[in-house]
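Participant: In mature numbering (1 follows the signal peptide of the UniProt record, and there is no 0), the protein residues as written are -31 to -1, 1 to 330.
C-beta: ideal position from N, C-alpha, C; glycine also.
All values derive from a computational prediction rather than experimental measurement.
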Amino acid sequence: MLADRVLSFSRRLALLGLLSLGLVASGAAWAGSNGTGSGALPTVSTKDYDFYLSGSVPALQPPRPATTTLVLMGGGTDVDDAFRAMIAKARGGSANKVDIVILRTSGSDGYNAYLMAMDGVGAVGSIVIKSRAGASAQPVLDLVNRADVLFIAGGDQSTYVAEWAGTPLEGAMKAAVANHVPFGGTSAGLAVLGQFDYSALYQSVTSTDAMANPYNRNVTLDRSLLNSLPYMAGVITDSHLITRDRMGRLVTFMGRLVADGWASNAAVRGIGLNEQTAVVVDNGIGTVVGNPDGSGGRTGQAYFLQSPVAPITVKAKTPLTYRGLQVEKRVAGGSYDLVNWPTVAPYSISVESGVLTSNPY
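#1: Going by beta-carbon coordinates alone, are GLU244 and THR290 separated by less than 8 Å?
#2: Using 10 angstroms around the beta-carbon of LYS66, count the other beta-carbons present and answer buried if the total reaches 16, otherwise exposed.
#3: Quick check on the DSSP output: what are the complete alpha helix (DSSP H) runs of length 4 or more inside the stretch 206 to 237, in order along the chain?
#4: Sorted by chain position, which residues of the same chain lie with C-beta nearer than 6 Å to LEU325's C-beta, five sequence neighbours on each side aside?
#5: Quick one: using the 10 Å Cβ neighbour count with 16 as the cut-off for buried, is MET(-31) buried or exposed?
#6: In chain order, which beta strand (DSSP E) runs of at least 3 residues are fully inside the stretch 26 to 75?
#7: Would you mind giving the Cβ-Cβ distance between ILE318 and VAL296, rounded to the nearest angstrom? I have them listed as a contact below 8 Å.
#8: Determine the burial state of SER23: buried for a count of at least 16 other Cβ atoms within 10 Å of its Cβ, exposed for fewer.
#9: I think ILE71 touches ALA35, with their Cβ atoms under 8 Å apart; what is that distance to the nearest whole Å?
#10: From the DSSP output, read off the bridge partner residues of LYS298.
#11: On the criterion of 16 or more Cβ atoms from any shown chain inside 10 Å, does SER95 qualify as buried, or is it exposed?
#12: Which residues in the same chain have their Cβ closer than 7 Å to the Cβ of GLY203, if we skip the five residues on either side of it in sequence?
#13: Helix, strand or coil for VAL174? Go by DSSP, reduced to three states.
#14: Please report how far the alpha carbon of VAL40 lies from the alpha carbon of VAL227, in whole angstroms.
#15: Please report the Cβ distance between ALA179 and GLN126, rounded to the nearest whole angstrom; I am assuming they are in contact, meaning their Cβ atoms lie under 8 Å.
#16: Measure the C-alpha to C-alpha separation of GLY1 and SER77 and round it to an integer number of angstroms.
#17: Give me the Cβ distance between VAL146 and LEU198, rounded to the nearest whole Å; I'm assuming they're in contact under 8 Å.
#18: Which of the three DSSP states is assigned to GLU321 in this structure?
#19: Could you check if SER63 is buried or exposed, using at least 16 other CB atoms within 10 Å of its CB as the buried criterion?
#20: So, with DSSP's three-state summary, where would you put ARG(-20)?
#21: Using a Cβ-Cβ cut-off of 6 Å (strictly less than) and excluding sequence neighbours within five positions of LYS298, which residues of its own chain qualify?
#22: Can we say the stretch 172 to 191 touches the stretch 281 to 289, given the rule of at least three CB pairs closer than 8 Å?
#23: Just to confirm the assignment, what range does the alpha helix (DSSP H) spanning GLY158 have?
#24: Hey, VAL278 and ASN234 are a contact pair by Cβ (cut 8 Å); roughly how many whole angstroms apart?
#25: In whole angstroms, what separates the C-alpha of ARG60 from that of PRO311?
#26: Per DSSP, which one or two residues make a beta bridge with ILE96?
#27: Let me confirm a value: ASP166 is counted as buried when at least 16 other C-beta atoms fall within 10 Å, else exposed. Which label applies?
#28: Going by DSSP, what residues sit across from ARG267 in a beta bridge?
#29: Can you tell me where the beta strand (DSSP E) with SER304 in it begins and where it stops?
#30: Is it right to say PRO280 is buried, meaning 16 or more other beta carbons lie within 10 angstroms of its own, or is it exposed?
#31: Give the DSSP bridge partners of SER197, in chain order.
#32: Tell whether a beta-carbon distance below 8 Å holds between GLY91 and SER208.
#33: Rounding to the nearest angstrom, what Cα-Cα distance links SER176 and ALA28 in this structure?
#34: Using the C-alpha atoms, what's the distance from VAL109 back to TYR330?
#35: Under 7 Å Cβ to Cβ from GLY259, same chain only, skipping five residues before and after it: list those, please.
#36: Just verifying my parser: in three-state terms, what is the DSSP assignment at ALA116?
And the structure:
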């Protein structure tokens, strides 16, 4: 029945004269998250969404996985092995190729050729959603409901919150995760995967400005989108962590969540990922992966933060004081239990009057 529906949808597009196969590049994969795309026209374009299709939609879907896989990616160059893990999980050992759907509100088909170059991929569809109406459009929902892998691209998380929260698209994403469709996001896509999100409603805030004033107008938090994903209870995430020195603002976000009554200090948690880093969460265990660093090693630094005590000072126009946060650092090849959040070998960081008192990384 599902295969029939997929084929029916493809036929409808073909009858409209809109279905065309994207060009597939061969050879090594390359990053697609912030790419400008191929320059090809959308396969389908409406005022509410654009759809770019590469490859041929598989007639048969592989069996649904038995467990949940989430991929948390920290931005910058995409982590090839994280996508390979999602593809392998979706295939489940079968010979069937998979259909990957990329969700975004800007850009175009930047992921299509990158992912089509990977083994086991039959089709990649990038959906650029341009309005809340696009997040309710039945063809968009059909594509998401059919996907074997779902991924949210980088971009502007404020548009994800504004255009997706409370829509049928959000319901379709939640249903996909409940059906164990591998699901993830990078950069802005990562920002909306926690129970709590940094929405960046106005403009991005620096660590210095956030710690100097936790109620800076650019410290905008949200809890309306995808706030019940497995293993993400109490979590707020941040990306580009070391590259853009964001540990201070992640700690500030956690302090705000406690001060505003959204989470207790015992329940609030932070996950910070550097660029070229992904955490592949399979059945609750997150494994850190990264790209080759050019010197025989791997990129990849992930940080898991907990707060055993409440922040001291979280007030408007007053520097933050927040002492004794516990940090578990993992590098490529390491793992962390996102079910139990253990403190195995933590170190502590503190913010005193708006300043981190030690190297947080």
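Facilitator: Taking the structure as given:
#1: For this step, residue 244 is matched to residue 275 along the sequence shown. For this step, residue 290 is matched to residue 321 along the sequence shown. Cβ atoms of GLU244 and THR290: not closer than 8 Å.
#2: The count along the sequence shown starts at 1 and reaches residue 66 at position 97. Burial call: buried.
#3: 216 to 228
#4: If you number the sequence shown from 1, residue 325 lands on position 356. These residues qualify, in order along the chain: GLY217.
#5: As a working mapping, residue -31 is identified with position 1 in the sequence shown. With a pLDDT of 33 at MET(-31), under the threshold of 50, the predicted position of this residue should be treated as unreliable, though the coordinate-derived value follows. Exposed, since its Cβ has fewer than 16 Cβ neighbours within 10 Å.
#6: 38 to 42, 67 to 73
#7: Locating residue 318 in the sequence shown gives position 349, counting from the first residue. Locating residue 296 in the sequence shown gives position 327, counting from the first residue. Right, the Cβ-Cβ distance comes to about 6 Å (below 8 Å), so this counts as a contact.
#8: The residue labelled residue 23 in the question sits at position 54 within the sequence shown. By the 10 Å Cβ count, SER23 comes out buried.
#9: Along the sequence shown, read from residue 1 onward, the residue named residue 71 stands at position 102. Along the sequence shown, read from residue 1 onward, the residue named residue 35 stands at position 66. Wrong, their Cβ atoms sit about 25 Å apart, outside the cutoff.
#10: What you label residue 298 is simply residue 329 of the sequence shown in a count that begins at 1. LYS298 is bridged to TYR272.
#11: Here the question's residue 95 lines up with position 126 in the sequence shown. Per the 10 Å Cβ criterion, buried.
#12: If you number the sequence shown from 1, residue 203 lands on position 234. GLN164, ALA232, ALA236, VAL237, ARG238, listed in sequence order.
#13: Position 205 of the sequence shown, counting from 1, holds the residue named residue 174. VAL174: coil per DSSP, three-state reduction.
#14: Here residue 40 refers to the residue found at position 71 when the sequence shown is read from its first residue. Here residue 227 refers to the residue found at position 258 when the sequence shown is read from its first residue. In a straight line, the C-alpha of VAL40 is about 26 Å away from that of VAL227.
#15: Your numbering for residue 179 matches position 210 in the sequence shown. Your numbering for residue 126 matches position 157 in the sequence shown. Not a contact, Cβ separation roughly 16 Å.
#16: Here residue 1 refers to the residue found at position 32 of the sequence shown. Here residue 77 refers to the residue found at position 108 of the sequence shown. Below a pLDDT of 50, predicted positions are generally treated as unreliable, and GLY1, at 44, falls in that range; no measurement from the model is reported.
#17: Counting from one through the sequence shown, the residue named residue 146 turns up at place 177. Counting from one through the sequence shown, the residue named residue 198 turns up at place 229. With a Cβ gap of about 6 Å, VAL146 and LEU198 count as contacting.
#18: Numbered from its first residue, the sequence shown carries residue 321 at position 352. GLU321 falls in the strand class under three-state DSSP.
#19: Here residue 63 refers to the residue found at position 94 when the sequence shown is read from its first residue. Exposed, since its Cβ has fewer than 16 Cβ neighbours within 10 Å.
#20: Counting from 1 along the sequence shown, the entry for residue -20 is found at position 12. At ARG(-20) the pLDDT is 39, less than 50, meaning the model places this residue with poor confidence and gives no usable figure here.
#21: Start at 1 with the first residue of the sequence shown, and residue 298 comes out as number 329. Closer than 6 Å at the Cβ level, and outside the excluded window around LYS298, lie TYR272.
#22: yes
#23: Here residue 158 refers to the residue found at position 189 of the sequence shown. GLY158 -> alpha helix (DSSP H) spans 157 to 160.
#24: Position 309 of the sequence shown holds residue 278. Position 265 of the sequence shown holds residue 234. That pair is a contact at about 6 Å.
#25: Against the sequence shown, residue 60 aligns to sequence position 91. Against the sequence shown, residue 311 aligns to sequence position 342. When rounded, the distance between both Cα atoms is 31 Å.
#26: Within the sequence shown, numbered from 1, the residue matching residue 96 stands at position 127. According to DSSP, which records beta bridges pairwise, ILE96 is partnered with PHE20, LEU72.
#27: Looking up residue 166 in the sequence shown gives position 197. Buried, since its Cβ has 16 or more Cβ neighbours within 10 Å.
#28: Here residue 267 refers to the residue found at position 298 when the sequence shown is read from its first residue. ARG267 is bridged to PRO261.
#29: Residue 304 sits at position 335 when you count from the first residue of the sequence shown. Its beta strand (DSSP E) spans residues 304 to 306.
#30: Walking along the sequence shown from the start, residue 280 turns up at place 311. Flag for PRO280 reads buried.
#31: The residue labelled residue 197 in the question sits at position 228 within the sequence shown. Answer is none; SER197 lacks a bridge partner.
#32: Taking the sequence shown and counting its residues from 1, one reaches residue 91 at position 122. Taking the sequence shown and counting its residues from 1, one reaches residue 208 at position 239. No; because the gap between Cβ atoms is not below 8 Å, this pair is not in contact.
#33: Indexing the sequence shown from 1 puts residue 176 at position 207. Indexing the sequence shown from 1 puts residue 28 at position 59. Rounded to whole angstroms, SER176 to ALA28 spans 49 Å at the Cα level.
#34: The count along the sequence shown starts at 1 and reaches residue 330 at position 361. The count along the sequence shown starts at 1 and reaches residue 109 at position 140. Their Cα atoms are separated by approximately 41 Å.
#35: Within the sequence shown, numbered from 1, the residue matching residue 259 stands at position 290. Closer than 7 Å at Cβ, skipping near neighbours: VAL48, GLN245, THR246, ARG267, THR268, GLY269, ALA301.
#36: For the purposes of this step, residue 116 is taken as residue 147 along the sequence shown, with counting starting at 1. Residue state, collapsed to three classes: coil.
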